[in-house]
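Enquirer:
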Amino acid sequence: MAPADPTALHLQPQVAQLNADYARAIDDDRLEDWPEFFAEECLYTITSADNHRQGLPAGLMWADSKGMLRDRVAALREANIYERQSYRHVIGQPAILGKPGGETADGARAETPFLVVRIMRDGRMDLFATGRYLDAVVMEAGALRFRERIVVCDSSRVDTLLAIPL
Amino acid sequence: MGATDPARAWPGATLTRVPFWLYQDEANYHAELRRIFEGPTWSFVSLESDLTRPGDFRTTFVGEMPVIVVRAEDGAIRAFENRCAHRGALIALDDCGSAKNFQCVYHAWTYDHEGNLTGIAFEKGSNGRGGMPPSFSKAAHGPRKLRTATLHGLVFASLSREAPPIEEYLGEAILGRIARVLGGRRVRVLGRFVQALPNNWKLYVENVKDTYHASLLHAFFGTFRITRLTQGGGVLVSPDGAHHASYTIDRADDRSSAAYREQGIRSERQDYKLADPSLLESVNEFGDDIRLQILTVFPTFVLQQIQNCLAVRQVVPKGPGAMELHWTYIGFEDDTPEMHRRRLKQLNLVGPAGYVSMEDGCVGGFVQRGAAAASDEVSIVNMGGEGAESDDTRATEASVRGFWKAYRRYMDG
Numbered sequence: 700m701a702p703a704d705p706t707a708l709h710l711q712p713q714v715a716q717l718n719a720d721y722a723r724a725i726d727d728d729r730l731e732d733w734p735e736f737f738a739e740e741c742l743y744t745i746t747s748a749d750n751h752r753q754g755l756p757a758g759l760m761w762a763d764s765k766g767m768l769r770d771r772v773a774a775l776r777e778a779n780i781y782e783r784q785s786y787r788h789v790i791g792q793p794a795i796l797g798k799p800g801g802e803t804a805d806g807a808r809a810e811t812p813f814l815v816v817r818i819m820r821d822g823r824m825d826l827f828a829t830g831r832y833l834d835a836v837v838m839e840a841g842a843l844r845f846r847e848r849i850v851v852c853d854s855s856r857v858d859t860l861l862a863i864p865l
Numbered sequence: 158m159g160a161t162d163p164a165r166a167w168p169g170a171t172l173t174r175v176p177f178w179l180y181q182d183e184a185n186y187h188a189e190l191r192r193i194f195e196g197p198t199w200s201f202v203s204l205e206s207d208l209t210r211p212g213d214f215r216t217t218f219v220g221e222m223p224v225i226v227v228r229a230e231d232g233a234i235r236a237f238e239n240r241c242a243h244r245g246a247l248i249a250l251d252d253c254g255s256a257k258n259f260q261c262v263y264h265a266w267t268y269d270h271e272g273n274l275t276g277i278a279f280e281k282g283s284n285g286r287g288g289m290p291p292s293f294s295k296a297a298h299g300p301r302k303l304r305t306a307t308l309h310g311l312v313f314a315s316l317s318r319e320a321p322p323i324e325e326y327l328g329e330a331i332l333g334r335i336a337r338v339l340g341g342r343r344v345r346v347l348g349r350f351v352q353a354l355p356n357n358w359k360l361y362v363e364n365v366k367d368t369y370h371a372s373l374l375h376a377f378f379g380t381f382r383i384t385r386l387t388q389g390g391g392v393l394v395s396p397d398g399a400h401h402a403s404y405t406i407d408r409a410d411d412r413s414s415a416a417y418r419e420q421g422i423r424s425e426r427q428d429y430k431l432a433d434p435s436l437l438e439s440v441n442e443f444g445d446d447i448r449l450q451i452l453t454v455f456p457t458f459v460l461q462q463i464q465n466c467l468a469v470r471q472v473v474p475k476g477p478g479a480m481e482l483h484w485t486y487i488g489f490e491d492d493t494p495e496m497h498r499r500r501l502k503q504l505n506l507v508g509p510a511g512y513v514s515m516e517d518g519c520v521g522g523f524v525q526r527g528a529a530a531a532s533d534e535v536s537i538v539n540m541g542g543e544g545a546e547s548d549d550t551r552a553t554e555a556s557v558r559g560f561w562k563a564y565r566r567y568m569d570g
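Chains as they are written, first to last, in the working numbering: chain A, 700 to 865; chain B, 158 to 570.
1) Helix, strand or coil, according to DSSP, for Y512 of chain B in the structure here?
2) Thinking just about the alpha-carbon of each residue, which of B:M515, B:R558, B:P509, B:L179 is nearest to the one in G348 of chain B?
3) Please report the straight-line C-alpha distance between T746 of chain A and V219 of chain B, rounded to a whole angstrom.
4) When you compare only the Cα positions, how much space is there between R165 of chain B and V535 of chain B?
5) Run through DSSP, which three-state label would I323 of chain B get?
6) Give the interface partners of V351 of chain B over in chain A, defined as CB-CB distance under 8 Å, in chain order.
7) DSSP on R191 of chain B, reduced to helix/strand/coil?
8) In whole angstroms, what separates the C-alpha of S292 of chain B from that of G169 of chain B?
9) Assign L708 of chain A to buried or exposed, taking buried as 16 or more other Cβ atoms, counted over all protein chains shown, within 10 Å of its Cβ.
10) In terms of residue numbering, what span does the beta strand (DSSP E) encompassing E810 of chain A cover?
11) Which chain E residues sit within Cβ distance under 7 Å of D433 of chain B?
12) Any Cβ of chain A within less than 8 Å of the Cβ of V524 of chain B?
13) Who pairs with P300 of chain B in a beta bridge, going by DSSP?
14) Using a Cβ cut-off of 7 Å, which residues of the stretch 495-526 of chain B contact any Cβ in chain A, in chain order?
15) What's the call for R566 of chain B, buried or exposed, on a 16-neighbour Cβ count within 10 Å?
16) Count Cβ pairs between the stretch 712-729 of chain A and the stretch 306-322 of chain B that sit closer than 8 Å; are there 3 or more?
17) I need the straight-line Cα distance from R771 of chain A to N273 of chain B, nearest angstrom please.
18) DSSP beta-bridge partners for V226 of chain B?
19) For S315 of chain B, does the count of other Cβ atoms within 10 angstroms reach 16, so buried, or fall short, so exposed?
20) Can you tell me the Cα-Cα spacing of T829 of chain A and E546 of chain B, whole angstroms?
21) How about A563 of chain B and G444 of chain B: do their beta carbons lie closer than 8 Å?
22) Using a beta-carbon distance cut-off of less than 7 Å, what residues from the stretch 816-830 of chain A approach chain B?
23) Would you mind telling me which residues of chain A sit closer than 7 Å to P355 of chain B, beta carbon to beta carbon, in chain order?
24) Is there a Cβ of chain A sitting closer than 8 Å to that of F455 of chain B, yes or no?
25) What's the gap between the Cα of S283 of chain B and the Cα of L208 of chain B?
26) Would you identify the three-state DSSP class for G282 of chain B, choosing helix, strand or coil?
27) Could you confirm whether any beta carbon from chain A is found closer than 8 Å to the beta carbon of G592 of chain B?
28) To the nearest angstrom, report how far apart S854 of chain A and L311 of chain B are at their CA atoms.
29) Please report the distance separating the alpha-carbon of D727 of chain A from that of M515 of chain B.
30) With H, G and I counted as helix, E and B as strand and the rest as coil, what does DSSP make of A409 of chain B?
31) Shortest alpha-carbon distance to R808 of chain A belongs to which of A:R769, A:A862, A:R846?
32) Quick one: list the residues of chain A neighbouring A376 of chain B, beta-carbon separation under 8 Å, in chain order.
33) Counting C-beta neighbours from all protein chains within 10 Å, is the total for T493 of chain B 16 or more, i.e. buried, or is it exposed?
34) Under the assumption that I795 of chain A contacts L710 of chain A (Cβ atoms under 8 Å), give the Cβ distance between them as a whole number of angstroms.
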């Protein structure tokens, strides 16, 4: 493992705060706020460790624009049918891996572990997903935003359905 | 009152009533494993593109039977039960890989690519003591072998000698519908996911064959006119009822249709617009204006084309009240970068989080739970009449009745 690029390390508390805010938005059912954690040009996808290791690009969700993230929320609110449920994210400390690459001056690449418990309307609670976020975060309009968030679930198996984003 | 179980009977010869015990009964489930999955049917087991070189293998299931599918040295694809002849342990433990031969980890019994038992550790014993009796014949022992058949890059397997050749099993019409999507193409796998569903396997298969539900349950479909019952299209049912292909043809003339509004159906929302409509920017890649084709091969295979989003699905039963759906998202080796990206984007439509498929993940469970106390009650499969023939409307349950027609033939003998 290459040592972290020290020039990005100072962002660690800000990345941790971004993750905490992100989790609160989803877990508090403020899904309309969720796309706002992303940069205008962004990539969000949910995959599995097996697919990621094999370089298979498909995702359970796959969005390459902020508009697609908004559409995901609109579909969940207006179109899709699923039993009432909520998540509780527990997000670990981000490891800062370096600069985000490209021409972006300020930002970081980070890897952060997560657990998500799903709570169903009848009270059933399950460990729904575990994995890691592979992120590229950038400074946009004075705030840190995800330019890329690859959600790599440890398992390829999904119980029943995946409605709410991870 | 006696303590005996109630009689498990069908309500006469009609295909329009399906008793709920069929989704619940343990004994019936085990009969299905024998008569259908180990019977004269063909089950999808792999894509040919996953087995390119000799020794390449995948492990999967036919019913509950674990199976190894492997490309042998002679280039043929073989399949055999993933069960050591010795004590019954799994022989291969990985989902896929490449192997010169297969060795059971328990006592190191060895198998070749055809599933022949070729080696027994300490067969002659040690220092002249122990070992297998000289009369023991390796050739007479081994895991069960399955017949295999390849078709447009799909690999099917059957444990039965009685299963007709795959082409005859499917019939001309279904063969043509498979060739339409896969014929002459080299498949590229884009990803794999497993969806664990809390329902009997037949509820999912019925759901896939049920052309009536698509635009009613899946509001996304209707709102964006990916499919609507008022669009052109229909359902093709194989003569024996077993297999089906449903399809919609893109036509602009139904855009103002009031049919859905008149029904007061939830899925009609004129005000629902995509912020990023590139999701639905499709190309007519098969040149026939068919935007959607869903095809099943009895008992448990699904080939799906929704616009440019392609996938194969394999239904794996896991007891009377549970199943797994094994998704393999595919494209083709010769896809342009634009088509590749389009497929990745449109895969949002399907899978466990799919805009037009996530409901299918929970609706089977709704039936399983709703009918939990209704073993001797029946569900109604009467849309479009009583028959199981092809139709040029999708407001019918003909292909669901076709499933039960085939099911009863296998189960009742």
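Beta carbons are placed, not taken as given, at the ideal position from N, Cα and C, and that holds for glycine.
Expert: A quick look at the data gives this:
1) DSSP places Y512 of chain B in coil when its eight states are reduced to three.
2) Relative to G348 of chain B, the option among B:M515, B:R558, B:P509, B:L179 whose CA is nearest is B:P509.
3) Cα to Cα, the separation comes out at about 26 Å.
4) Rounded to whole angstroms, R165 of chain B to V535 of chain B spans 12 Å at the Cα level.
5) Of the three classes helix, strand and coil, the one that applies to I323 of chain B here is helix, per DSSP.
6) Under the 8 Å cutoff, chain A gives S855, R856, V857.
7) Of the three classes helix, strand and coil, the one that applies to R191 of chain B here is helix, per DSSP.
8) Spanning the alpha carbons of S292 of chain B and G169 of chain B requires a straight line of approximately 54 Å.
9) By the C-beta density criterion, L708 of chain A is exposed, having fewer than 16 other C-beta atoms within 10 angstroms.
10) Here the beta strand (DSSP E) through E810 of chain A covers 806-819.
11) The chain inventory of the structure shown lacks chain E, comprising the protein chains A and B.
12) Not one beta carbon of chain A lies nearer than 8 Å to the beta carbon of V524 of chain B.
13) Beta bridge pairing from DSSP links P300 of chain B with no other residue.
14) Within the stretch 495-526 of chain B, contact with chain A at the beta-carbon level (separation under 7 Å) is assigned to L501, K502, L504, N505, G508, P509, A510, Y512, M515, E516, G518, C519, G522.
15) A residue is called buried when at least 16 other Cβ atoms come within 10 angstroms of its Cβ; R566 of chain B does not meet this threshold and is exposed.
16) The stretch 712-729 of chain A, when compared against the stretch 306-322 of chain B, does not touch it at the 8 Å Cβ threshold.
17) Looking at the two C-alpha atoms, the distance is approximately 51 Å.
18) V226 of chain B pairs with B:R215, B:A236.
19) Answer is buried; the Cβ neighbour count reaches 16.
20) The straight-line gap separating the alpha-carbon atoms of T829 of chain A and E546 of chain B is approximately 46 Å.
21) By the CB criterion at 8 Å, A563 of chain B and G444 of chain B fall outside the cutoff.
22) Contact annotation: in the stretch 816-830 of chain A, no residue has its CB less than 7 Å from a CB in chain B.
23) Those are T859, listed as they occur along chain A.
24) Answer no: the Cβ-Cβ gap between F455 of chain B and chain A never drops below 8 Å.
25) Whole-angstrom Cα-Cα distance: 39 Å.
26) G282 of chain B falls in the coil class under three-state DSSP.
27) This structure does not reach residue 592 of chain B, given that chain B is present from 158 up to 570, and the question cannot be answered.
28) Rounded to whole angstroms, S854 of chain A to L311 of chain B spans 26 Å at the Cα level.
29) So the two alpha carbons sit approximately 22 Å from each other.
30) Model confidence at A409 of chain B stands at a pLDDT of 47, short of 50, so the residue's coordinates are unreliable and nothing is read from them.
31) Closest option to R808 of chain A, Cα to Cα, is A:R846.
32) Within chain A, the residues placing a beta-carbon under 8 Å from that of A376 of chain B are E777, A778, N779, I780, ordered along the chain.
33) That one is exposed.
34) At roughly 6 Å, the Cβ-Cβ gap stays under 8 Å, so I795 of chain A and L710 of chain A are in contact.
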